[in-house]
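Only one structure is covered here, and it is reproduced in the block below.
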Amino acid sequence: MTNITLILGDITDQTVDAVVNAANSSLLGGGGVDGAIHRRGGSDILDECRALRASHYGGGLPAGQAVATTAGRLPARWVIHTVGPVFSANEDRSATLASCYRESLRVADELGVRTVAFPAVSTGVYRWPLTDAARIALDAVRAADTSVTEARFVLFDQPAYDAFETALRGD
Ligand code: ADP
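Numbering (the working numbering), first residue to last: 3 to 173.
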């Protein structure tokens with residue numbers, strides 16, 4: 003069974019087997035979590051992302067999918083890049099957001115890893131409301147059939163932490 007844990011912190015500080023990146027579909031870097039991971043992990047990550055763009059993902063990584071690279075100098079072995087959906091008020095994209103978590107765990111299982119740190123995908127630049135994003139994230143991880151033993155949500159500020167804590171308690 004996957005143990006779900008929450009911490010307030012920076013995902014680039016996490017000593018885990020794999021950290022999940024809230025990437026954009028270009029895989030070539032951006033702001034938020036993505037910028038922090040590439041800054042701290044170093045150029046090996048971007049080199050592998052460029053190689054992915056030159057091979058399997060010529061059109062970029064579609065939203066809801068996930069792919070792994072090295073974690074470079076991060077205190078993790080792998081980065082699993084996933085692309086969240088941009089929040090839309092008039093189109094329900096929650097299945098795509100749930101897919102980010104499910105596909106990241108599927109990639110983690112392929113790598114044979116046990117501990118995975120997740121950010122709150124889509125809640126930054128992609129504007130997904132925290133309360134809803136937390137519920138979708140936790141439901142997706144709870145429902146996943148995975149060998150990952152710890153799914154650690156790393157929340158960057160107190161409002162994000164509080165939203166996940168409330169959703170985890172189920173109230
Ligand atoms: P997206 O484009 O999917 O919205 P962002 O990186 O903009 O991705 O934001 C996703 C979430 O990650 C936001 O809640 C943001 O506050 C948070 N965040 C930003 N930097 C970090 C970090 N270094 N570690 C963990 N979470 C972070």
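Here a beta-carbon is modelled for each residue, glycine too, at the ideal position from N, C-alpha and C.
- In the DSSP assignment, His-83 falls within the unbroken beta strand (DSSP E) covering 78–85.
- Taken in chain order, the complete beta strand (DSSP E) segments of 3 residues or longer contained in the segment 84–140 are 117–120.
- Minimum Cα-Cα distance from Asp-36 among the listed residues Arg-95, Val-150, Gly-86 corresponds to Gly-86.
- Closest in C-alpha terms to Ala-56, from the list Leu-29, Gln-160, Pro-121, Asn-92, comes Leu-29.
- In the DSSP annotation of this structure, Val-156 is not part of any alpha helix (DSSP H); the continuous beta strand (DSSP E) holding it starts and ends at 152–157.
- Taking the Cβ atoms as the reference, Cys-102 lies roughly 6 angstroms from Gly-66, within the contact range of under 8 angstroms.
- Taking each of Trp-130, Arg-129, Ser-106 in turn and checking the Cα distance to Ala-119, the smallest one comes out for Ser-106.
- Collapsing the DSSP output to three states places Leu-29 in coil.
- Considering only Gly-44, Ala-165, Ala-78, Asn-92, the residue with the shortest C-alpha distance to Ala-122 is Ala-165.
- In this structure, DSSP gives Leu-8 an extended state, which the three-state scheme calls strand.
- Taking non-hydrogen atoms of ligand 1 into account, the C-beta of Val-69 is found less than 7 angstroms away from none of them.
- Residue pairing by DSSP places Ala-20 opposite Trp-80, Val-118 in a beta bridge.
- In the three-state reduction of the DSSP assignment, Thr-148 falls in the coil class.
- The alpha carbon of Pro-64 has as its nearest neighbour, out of Leu-76, Asn-26, Val-143, the alpha carbon of Asn-26.
- Approximately 15 angstroms separates the beta-carbon atoms of Thr-84 and Glu-50; this is outside 8 angstroms, ruling out the contact.
- Residue pairing of Ala-68 in beta bridges, as defined by DSSP: Thr-84.
- The Cβ atoms of Ile-47 and Thr-14 lie no closer than 8 angstroms to each other.
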